[in-house]
Amino acid sequence: MSQQTPYIFDATTADFDQSVIENSFHKPVLVDFWAEWCAPCKALMPMLQTIAESYQGELLLAKVNCDIEQDIVARFGIRSLPTVVLFKDGQPVDGFAGAQPESAVRTMLEPHVQMPPPAAADPFEQAQALFDDGRYADAEATLKVLLAEDNTNAKALILYARCLTERGELGEAQIVLDAVKTDEHKAALAGAKAQIQFLGQARDLPDAADLKARLAKNPQDDEAVYQLAIQQLARQQYDAALDALLKLFIRNRSYSEGLPHKTLLQVFELLGNDHPLVTTYRRKLFAALY
1 MSQQTPYIFD ATTADFDQSV IENSFHKPVL VDFWAEWCAP CKALMPMLQT
51 IAESYQGELL LAKVNCDIEQ DIVARFGIRS LPTVVLFKDG QPVDGFAGAQ
101 PESAVRTMLE PHVQMPPPAA ADPFEQAQAL FDDGRYADAE ATLKVLLAED
151 NTNAKALILY ARCLTERGEL GEAQIVLDAV KTDEHKAALA GAKAQIQFLG
201 QARDLPDAAD LKARLAKNPQ DDEAVYQLAI QQLARQQYDA ALDALLKLFI
251 RNRSYSEGLP HKTLLQVFEL LGNDHPLVTT YRRKLFAALY
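Residue 187 in UniProt numbering sits at position 187 of the sequence shown, and the numbers go up by one each step.
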């Protein structure tokens, strides 16, 4: 019952404040209150250890032997075993009493602990997983290492530009994309350029609230519909933007020389062919065309 790793350890009265309270300001700490005589405790602990290991250091697991650490038991008013308490920023934030299935424990942890990205076969896959998880700074750091080894890596350059775009460095992102000299990743390159274009256009347009007010007065205001769609694209509200662009295309195909149709195709490139919205709206666009 005493498996030890850098992130799974026994907590005692002497070190509880340091090992649990202080550590919880850096990483969430799950505290398992158990005892040798408690059969459910012995069933629960291996599962908690497996969960802690799956977080690869993002979650710490402290085990408190309640037969020995009576002061800690009294301090936290533990009345039944097993009891599990999650500490974060020095305070208990969640927990449960009694045996629980693994799915319930993971659901409890989900709002408080960030699951690390899955192990990747190479640095680019690692960066892509980080980007997909919204961890743009971490993805950017990984890509910088990769590009230091090969500054012509087209996939890495395009994803690096996407990271720069996410934090508003549009000019720098465009410079990076201009360095891509191969057609091998044409769709990804077009999508990255489209994202920069949408963000750049949105900066020069009325804000979304003003555009919505215009449409409340006149739902047929094609300019307001299109400009609001661009604002939505800049904010990654793709479903609303695609719906608006498709309806505008159906209602007024000639608007601004077919701009809604062209923009729909740009969004398809931005999201990629496997995105469910692209599948849905490509089918709807085909139906509208034919």
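Each residue gets a CB set at the ideal place from its N, CA and C atoms; glycine is no exception. Nothing here was measured: the structure is a model prediction, and the numbers come from that model.
- Residue pairing of V85 in beta bridges, as defined by DSSP: V31, G95.
- Residue nearest to A224 within the set L242, G95, A213 is A213 (criterion: CA-CA distance).
- Taking a 10 Å sphere around the C-beta of F87, we find 16 or more other C-beta atoms and assign the residue as buried.
- Close CB contacts of L215 within its chain, under the 8 Å cut and outside five residues either way in sequence, are with D221, A224, V225, L228 (chain order).
- In the pairwise beta carbon analysis, the segment 131-148 is classified as touching the segment 157-169: at least three pairs are separated by under 8 Å.
- Per DSSP, the unbroken beta strand (DSSP E) holding D10 starts and ends at 8-10.
- Judged by DSSP secondary structure, L44 falls within the alpha helix (DSSP H) whose first and last residues are 39-54.
- In this structure, the beta-carbon distance from L271 to Y238 falls below 8 Å.
- Only residues of its own chain outside the window of five on either side were considered, and among them A161, L164, T165, I196 have a CB closer than 6 Å to the CB of A173, listed in chain order.
- When DSSP states are grouped into helix, strand and coil, K181 belongs to the coil group.
- Scanning its chain for C-beta atoms nearer than 8 Å, with the 5 sequence neighbours on each side dropped, one finds around M47 the residues E102, V105, in chain order.
- Comparing C-alpha distances from G200 to each of H185, P219, L170 shows the shortest one belongs to L170.
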